[in-house]
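In the numbering used here, the protein residues as written are 336 to 775.
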């Protein structure tokens with residue numbers, strides 16, 4: 336410890352806010368020439384107050400406010416000079432000592448557990464910066480525990496990119512369907528010993544469902560990559576300990592069981608022992624629709640810096656174990672399709688487009704023609720086509736109906752035994768559009 340002739344007048348410092356206040360300020364945040372300081376009251380006698388004044392940066396202030404560091408450690412880990420100031424009750428500085436932290440008497444140091452028990456109000460100087468810091472820390476903590484999924488195209492023509500329709504309507508929809516089914520099924524299986532009433536369990540599940548979802552903490556386009564994390568902080572509000580423990584672990588359980596890389600014997604045995612066949616279909620069928628689709632790869636890695644592994648079940652007998660082939664008896668009925676055309680008159684200004692069959696003229700035939708235009712393509716979201724007029728021949732042949740179109744000297748054809756015209760026109764539109772895209 337050394338005395339110094341330097342004169343520090345605390346009245347020239349700008350007070351930002353008193354942080355700890357017990358009858359008088361115990362810890363205050365001051366500013367001088369854009370530099371931040373903490374002023375800590377360490378002792379008082381009949382004539383003077385004794386303070387510890389030390390420089391501090393914003394990051395350490397935020398860590399102190401979020402209980403990442405104690406006041407004691409703020410002082411002891413300070414590498415700069417610390418000023419021990421004696422001040423009379425009129426505000427005059429009567430003595431100053433300049434020391435390093437290791438020279439400070441233990442009597443002047445706060446307790447070991449001197450973490451801040453204070454939450455800034457909205458009017459506080461710290462409110463906004465602390466909330467922003469918490470948000471960043473919250474995201475950073477989630478990212479540290481996140482695992483990553485990647486959907487990648489196997490078609491070299493599209494490099495590693497994924498189509499938006501494929502992503503939303505097939506890949507992500509199947510993933511979310513599987514996960515949501517798993518949550519409910521596993522909840523009922525895990526909680527049946529505490530609540531046997533299904534209605535009560537259902538209410539409990541619906542109440543906590545919003546907090547069960549994975550949090551999306553990272554995203555990359557092209558080959559669609561997504562970082563997912565279990566948010567254990569938000570689950571702390573669940574009062575029942577057994578339900579809370581389950582909620583914290585269920586995300587990892589889903590990752591380990593359902594998103595397993597190769598479904599080894601141990602994983603399959605656990606699946607078969609835990610879930611009945613109907614539940615397994617709800618959980619695993621959507622995932623197998625992704626992993627068994629030759630057009631895509633589903634990959635997983637345990638952290639941001641790990642390497643991806645493809646989720647691929649090499650032994651197809653594993654799929655049959657989890658999802659046994661159902662034995663069904665089909666009643667075979669002979670079909671004999673014919674094409675029916677009808678003519679009627681409608682009011683173009685009427686909002687009612689229903690057609691009364693008793694006001695139509697029927698013509699039956701084995702063949703008819705329709706024309707595909709850009710409107711047929713736009714119906715399915717293909718808005719980048721124009722000036723299309725593609726004739727389609729529709730003809731019946733006993734139990735099947737054939738839809739045949741010629742476009743750009745190429746033949747496109749689908750055969751149907753269901754009699755659902757809209758479905759087959761949709762198939763034709765998709766085939767022709769794929770041809771248009773590939774050709775361009």
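In this text, a Cβ means the ideal position worked out from N, Cα and C, and glycines have one as well. Remember, predicted model here, so these are calculated numbers, not experimental data.
Item                                                                                                                         : Value
Rounded C-alpha distance that separates residue 418 from residue 355                                                         : 19 Å
Residue(s) in a DSSP beta bridge with residue 564                                                                            : 550
Straight-line gap, residue 381 to residue 547 (C-alpha atoms, nearest Å)                                                     : 59 Å
Under 8 Å between C-beta atoms of residue 364 and residue 358                                                                : no
Which listed residue (741, 409, 618) has its alpha carbon closest to that of residue 520                                     : 618
Distance between residue 389 and residue 396 (C-alpha atoms, nearest Å)                                                      : 12 Å
Top-ranked residue by Cα proximity to residue 726, from 751, 736, 764                                                        : 764
Per-residue burial, residue 438 [other beta carbons within 10 Å of its own, 16 or more giving buried]                        : exposed
Identity of the residue in 347, 536, 474 nearest residue 368 by Cα                                                           : 347
Assigned secondary structure, residue 765 (DSSP; H/G/I helix, E/B strand, else coil)                                         : helix
Nonlocal neighbours in the same chain, by C-beta distance under 6 Å from residue 739, ignoring five residues either side     : 728, 748
Residue 574 versus residue 543 - alpha carbon distance                                                                       : 11 Å
Buried versus exposed call for residue 425 [16 or more other C-beta atoms within 10 Å across all chains shown]               : exposed
Beta-bridge partners of residue 705, as assigned by DSSP                                                                     : 727
Residue 350: first and last residue of the uninterrupted beta strand (DSSP E) it sits in                                     : 349 to 357
Nearest-angstrom Cβ-Cβ length linking residue 564 and residue 477, presumed shorter than 8 Å                                 : 4 Å
Stretch pair the region 442 to 459 + the region 402 to 410: three plus CB contacts closer than 8 Å                           : yes
DSSP three-state assignment for residue 457, whether helix, strand or coil                                                   : coil
Element boundaries [alpha helix (DSSP H), containing residue 601]                                                            : 600 to 609
8 Å Cβ shell around residue 720 - same chain, five flanking residues per side excluded                                       : 709, 712, 713, 768, 771
Alpha-carbon to alpha-carbon, residue 737 and residue 750                                                                    : 5 Å
Coarse secondary structure for residue 400, derived from DSSP in three states                                                : helix
Whole-number beta carbon distance between residue 716 and residue 500, since they are thought to touch under 8 Å             : 7 Å
Assigned secondary structure, residue 497 (DSSP; H/G/I helix, E/B strand, else coil)                                         : coil
Rounded separation between residue 620 and residue 592 - CA only                                                             : 14 Å
Residue 631 beta carbon less than 8 Å from that of residue 735                                                               : no
Bounding residues of the beta strand (DSSP E) (the contiguous stretch that carries residue 804)                              : Summary: the structure shown does not reach residue 804, with the chain confined to residues 336 through 775, and so no result is reported for it.
DSSP three-state assignment for residue 422, whether helix, strand or coil                                                   : strand
Alpha carbon of residue 534 to alpha carbon of residue 578, nearest angstrom                                                 : 16 Å
Status (buried if at least 16 other CB within 10 Å, exposed otherwise) for residue 755                                       : exposed
Neighbour-count burial assignment, residue 773, 16 or more Cβ in a 10 Å radius                                               : exposed
Neighbourhood of residue 441 by C-beta distance below 6 Å, restricted to the same chain and skipping five residues each side : none
Other residues of its chain near residue 704: CB distance less than 8 Å, five sequence neighbours each side excluded         : 726, 727, 728, 729
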